[in-house]
Structure formats: structure tokens, C-alpha cells
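Trainee: First, the structure itself, so that you have it in front of you.
Numbering (full-length UniProt numbering), first residue to last: 1 to 315.
In C-alpha cells:
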């Protein structure tokens with residue numbers, strides 16, 4: 001016959017004969033451990049503290065016959081295990097910032113975001129039949145956001161899309177974002193608020209973007225972003241976004257003026273070319289008779305009636 005016990009834990013020492021008037025009592029949950037085993041517990045397995053405060057990692061011996069058990073603390077982070085308390089002294093980056101409370105608990109002062117990790121308390125009791133027990137504490141250090149980096153376009157034409165960005169990378173837990181225009185908070189979706197029914201924007205509170213599908217003149221103003229988490233909040237400096245009308249007539253007029261100027265320049269160049277202003281001096285000299293070569297003299301005589309060559313070379 002199967003036993004109706006749901007959970008039973010026993011640690012027996014020696015031998016003892018037992019009998020009972022009811023061999024199969026109905027028990028929902030029963031946990032006991034007789035003398036001869038070291039057992040640990042914690043008053044808070046998941047402590048959460050703010051950065052630069054102190055944290056207590058609770059590790060309490062509930063059962064043990066060993067008067068001086070060996071205590072060790074280890075830190076587990078990024079798949080690496082390092083000693084925190086070993087050979088009766090604080091080790092690693094917690095040296096000078098931590099101490100034991102009582103026999104086994106660990107106190108950390110001035111915690112930083114790098115202290116967020118799993119911490120394992122290990123106790124070895126040589127005088128107990130079950131000599132070792134351990135418990136893991138999950139420490140979370142919350143970090144207040146710093147002023148985020150905001151990007152706001154300075155000028156956008158009416159009817160065009162515009163995207164405003166906001167990013168903060170220090171806060172933990174990850175902050176959520178909200179946007180303000182002229183110190184007034186903006187809803188996540190302009191369509192959900194009658195006050196902004198003429199606008200067309202959507203805010204993503206996770207990524208920090210504020211996107212206008214088509215800006216209007218009424219969307220001009222001073223914009224800033226707020227990053228917030230459980231610890232606090234921070235905002236960026238307000239920046240101006242101007243929405244201006246796109247003057248199509250003015251643009252067409254300007255293009256026509258430029259084309260007229262180019263036409264006048266072209267006509268002027270053609271006229272100047274026809275009048276010979278662009279004939280090079282080299283072209284004029286090409287019509288002149290060639291000069292005498294260097295080193296040769298030509299002497300005219302009456303008898304010859306022509307030029308006679310006279311060498312000027314000296315050998």
C-alpha cells in the first residue's frame with residue numbers, strides 16, 4: 001500500500017524501534033531533520049537596494065552540532081565564480097566594503113551596480129553527519145537614471161514626418177520614457193486625447209521615440225524627455241522644434257530667377273565669342289612669317305640677287 005505522505009524529510013542517527021496505532025496518517029506536509037545535519041535559511045533571498053546604500057545578505061544556521069563551522073561566501077556573475085569571504089577574511093572587490101554579521105550573514109556597504117549578482121553562502125560543519133549546506137542570495141542593485149540624450153529636429157516643414165529620440169543607458173531597472181512640450185506632458189497616442197486630436201504623434205515609452213506622421217504648425221514648441229524607473233527620474237534640456245510652411249510659390253519663383261540669370265549669361269558668352277573676344281594670342285601669331293633659326297646668318301649680295309648662307313658655326 002502506498003504511503004499517503006506528501007513530503008517527508010528525516011535524518012536519523014543510530015537505530016530506534018517505533019510503533020504506532022495508526023501506521024498511515026494523512027499528512028499534507030511534514031519536514032523535520034533530527035540532530036546531526038547542518039541546515040541554513042535566509043530572512044531575505046532576494047534583497048533589492050539602491051546604489052550607494054548598504055545591503056544585508058542573510059544566511060542563518062538553524063541546525064548544527066559544530067561549534068565553529070567553516071563559512072565561505074562566493075559571488076556568481078557572468079558565469080564566473082569568485083571568492084567573497086574565504087579563510088576568515090573578505091576577498092576581491094568587496095575588500096574594505098563588507099564584513100560578516102553574526103557568524104554567517106554578509107553586510108556590504110556602499111553597493112554599486114557591479115555588486116548585482118548571485119551570492120552563495122556555504123557552511124561546512126565537520127561534527128555533523130551531514131557536513132555541508134548552502135543557500136543562494138540574489139542581490140539586485142537599483143540605479144537612478146542620469147539625464148538622457150535627446151535629439152530634436154530644429155525645423156520641419158508642414159506635413160512632413162518628424163522623429164524625436166531619447167536614450168538613457170545608466171538606470172536599472174531600464175527606465176521608461178515620457179515626452180513634454182512646453183512643460184505639458186504628451187499622451188502616448190495623440191488620437192486618444194481630444195486636446196491633441198489635430199496632431200499625429202505616437203510615443204514609444206520603451207525606446208523613447210516620439211514620431212509625428214505629419215507635423216502641423218501647432219506642433220511647434222519646446223520639447224524635452226523624462227527617463228524614469230523605480231529609483232528616480234531625470235530629464236534632458238528642452239529643445240526648440242519649429243514647424244514652418246513650405247512656400248511653393250516662392251520656390252518656383254526662385255527657380256525661375258536662377259534660370260533667367262543662366263540664360264543671360266549664356267547669351268552674353270555667345271555675343272562675346274562672335275565679336276572675337278575669345279580668340280587667343282597664339283591664333284593671331286600663327287598668321288605671321290616664321291623667324292630665323294638661331295645660329296644662321298643670311299647675307300644678301302648684289303651678284304646673287306638672293307640670300308647666301310654664311311655659317312656662324314665655329315669648329
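Beta carbons: idealized from backbone N, C-alpha and C, even for Gly.
#1: The beta strand (DSSP E) spanning residue 102 covers which residue range?
#2: Distance, Cα to Cα, residue 44 vs residue 141?
#3: Three or more beta-carbon pairs under 8 Å between the region 100–112 and the region 67–87, yes or no?
#4: Please report the distance separating the alpha-carbon of residue 262 from that of residue 256.
#5: Could you round the C-beta distance between residue 205 and residue 165 to whole angstroms and report it? I think they count as a contact, below 8 Å.
#6: Assign residue 154 to one of three DSSP states: helix, strand, or coil.
#7: Are the Cβ atoms of residue 202 and residue 189 separated by less than 7 Å?
#8: In this structure, what does DSSP give as the bridge partners for residue 120?
#9: Which runs of the beta strand (DSSP E) at least 3 residues long sit entirely within the region 32–66? Give them in chain order.
#10: Cutting at 6 Å between CB atoms, please list the residues of its own chain near residue 65, excluding the five before and the five after it.
#11: What is the DSSP secondary structure of residue 81, reduced to helix, strand or coil?
#12: If you follow the beta strand (DSSP E) that residue 179 is part of, which residue opens it and which one closes it?
#13: Run the CB neighbour count on residue 207, radius 10 Å, all protein chains shown included, and call it buried at 16 or more, exposed below.
#14: For residue 240, which of helix, strand or coil comes out of DSSP?
#15: Between the region 221–230 and the region 130–139, do at least 3 Cβ pairs fall closer than 8 Å?
#16: Between which residues of its own chain and residue 193 is the CB-CB distance below 7 Å, once the five residues before and five after are set aside?
#17: For residue 277, name the three-state secondary structure that DSSP assigns.
#18: Return the CA-CA distance between residue 195 and residue 41, expressed in angstroms with no decimal places.
#19: Under the three-state reduction of DSSP, which class applies to residue 287: helix, strand or coil?
#20: What is the DSSP secondary structure of residue 207, reduced to helix, strand or coil?
#21: Our contact map puts residue 147 next to residue 236 with C-beta atoms below 8 Å; I'd like the distance itself, whole angstroms only.
#22: Mark residue 183 as exposed unless 16 or more other C-beta atoms lie within 10 angstroms of its C-beta, in which case mark it buried.
#23: Out of 243, 39 and 234, state which residue places its alpha-carbon closest to the alpha-carbon of residue 125.
#24: Rounded to whole angstroms, what's the CA-CA distance from residue 114 to residue 209? Just pull it up for me.
#25: Do residue 53 and residue 143 have their beta-carbon atoms positioned less than 7 Å apart in this structure?
#26: Spatial neighbours of residue 234 within its chain, please: CB distance less than 6 Å, with the 5 preceding and 5 following residues excluded, ordered by chain position.
#27: On the DSSP bridge assignment, give the partners of residue 130 in chain order.
#28: Looking at the secondary structure, which residues open and close the beta strand (DSSP E) in which residue 228 lies?
#29: Take residue 88 as the anchor and find which of 106, 76 and 260 has the nearest alpha-carbon.
#30: I need the straight-line Cα distance from residue 63 to residue 37, nearest angstrom please.
#31: Report yes if the CB atom of residue 55 is closer than 7 Å to the CB atom of residue 108, and no otherwise.
Mentor: Looking at the atomic coordinates:
#1: Where residue 102 is concerned, there is no enclosing beta strand (DSSP E), given that its DSSP letter is neither H nor E.
#2: 15 Å
#3: yes
#4: 10 Å
#5: About 13 Å; that fails the 8 Å criterion.
#6: coil
#7: yes
#8: 74 and 136
#9: 39–41, 48–50, 55–57 and 60–63
#10: 127 and 128
#11: strand
#12: 176–181
#13: exposed
#14: strand
#15: no
#16: 187
#17: coil
#18: 56 Å
#19: Bear in mind that the predicted position of residue 287 carries a pLDDT of just 48, short of 50, making it unreliable; the figure below should be weighed with that in mind. Three-state result, residue 287: coil.
#20: coil
#21: 5 Å
#22: exposed
#23: 39
#24: 29 Å
#25: no
#26: 145, 146, 147 and 227
#27: 37
#28: 221–228
#29: 106
#30: 7 Å
#31: yes
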